[in-house]
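Following my numbering, the numbering of the sequence shown begins with 2 at its first residue and continues without gaps.
Beneath this line is the structure, given in structure tokens, with notes to follow.
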Amino acid sequence: MAQIGWIDKVFSFFKKSPMGAYRNECWDSLSPSEKGAKGEKLALNYCKKELGFRLITKNWRHRRGEIDLICLDKDCLVFIEVRLRKATSLVSGVHSISRSKKSLLRRSALAYLNRIQKHPKTYRFDIISIAYEQSKGYEISHYRNVALF
């Protein structure tokens, strides 16, 4: 009987979807903005269908910052950053978020909370990382409650 390693136990709560759906589509022919829009659409579909989230708004802007998706997970408000990378990239989507980007996300989320009238009981930051490969399609990884410190 094989033992599960401690790393597998730690990361077992991350949700992943299999490669698929857009296998025949040419990712490399898309412009960066088209890739971003496509990634956000994939992430939104994943949030709705797989996770049961309800969309509040998308691409919410505050000064220089932007929050890709703002959703409700039961009573919890979820701020979601979507990262799209090639599967062969040296740095994964979740590790590609710089300190300054985290700061912008934090400030934007606080600005959003200050503008809404009904405040949620809790809120959190999630990251949806999409790794795409030309011949195999894409894989979605969901990271819940990511610290932005």
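Just so it is clear, CB atoms sit at the ideal spot from N, CA and C, and this is done for glycine as well.
CA nearest to the CA of residue i, picked from the options
{"i": "Arg65", "options": "Ser30, Ala110, Ala132", "result": "Ala110"}
{"i": "Leu115", "options": "Gly37, Pro33, Lys137, His63", "result": "A small fix is needed here, since residue 115 is Asn in this sequence, not Leu. Closest option to Asn115, Cα to Cα, is His63."}
{"i": "Ser97", "options": "Ser136, Ala44, Ile131", "result": "Ile131"}
{"i": "Val147", "options": "Pro33, Ile117, Ser104, Ser136", "result": "Ser104"}
{"i": "Glu51", "options": "Gln118, Asp74, Ile117, Ile68", "result": "Asp74"}
Cβ-based neighbour list, residue i, same chain, cut-off 7 Å, excluding 5 preceding and 5 following
{"i": "Cys72", "result": "Cys48, Phe54, Arg55, Leu56, Ile57, Val79, Ile81"}
{"i": "Pro121", "result": "Asp76, Cys77, Leu78"}
Alpha-carbon to alpha-carbon, residue j and residue i
{"i": "Asp29", "j": "Arg108", "result": "33 Å"}
{"i": "Tyr23", "j": "Leu106", "result": "Per-residue confidence for Tyr23 stands at a pLDDT of 41, beneath the threshold of 50, marking its modelled position as unreliable; the derived number appears in the next sentence. Near 29 Å, if we compare the C-alpha coordinates of Leu106 and Tyr23."}
{"i": "Leu70", "j": "Val83", "result": "8 Å"}
{"i": "Thr89", "j": "Lys137", "result": "12 Å"}
{"i": "Leu31", "j": "Ser142", "result": "22 Å"}
{"i": "Pro33", "j": "Gln118", "result": "35 Å"}
{"i": "Glu67", "j": "Asn46", "result": "19 Å"}
Within 8 Å, strictly: CB atoms of residue i and residue j
{"i": "Lys59", "j": "Glu41", "result": "yes"}
{"i": "Ala38", "j": "Ile129", "result": "no"}
{"i": "Trp61", "j": "Tyr144", "result": "no"}
{"i": "Arg86", "j": "Gly94", "result": "yes"}
{"i": "Phe126", "j": "Leu91", "result": "no"}
Neighbourhood of residue i by C-beta distance below 6 Å, restricted to the same chain and skipping five residues each side
{"i": "Thr123", "result": "Cys77"}
Other residues of its chain near residue i: CB distance less than 8 Å, five sequence neighbours each side excluded
{"i": "Gln135", "result": "Cys27, Trp28, Asp29"}
Practice task
Would you list, in sequence order, the uninterrupted alpha helix (DSSP H) runs of no fewer than 4 residues that lie entirely inside the stretch 30 to 72?
Solution key: 33 to 50
Problem - Every unbroken alpha helix (DSSP H) within the stretch 78 to 147, with a cutoff of 4 residues, ordered by chain - result: 100 to 116
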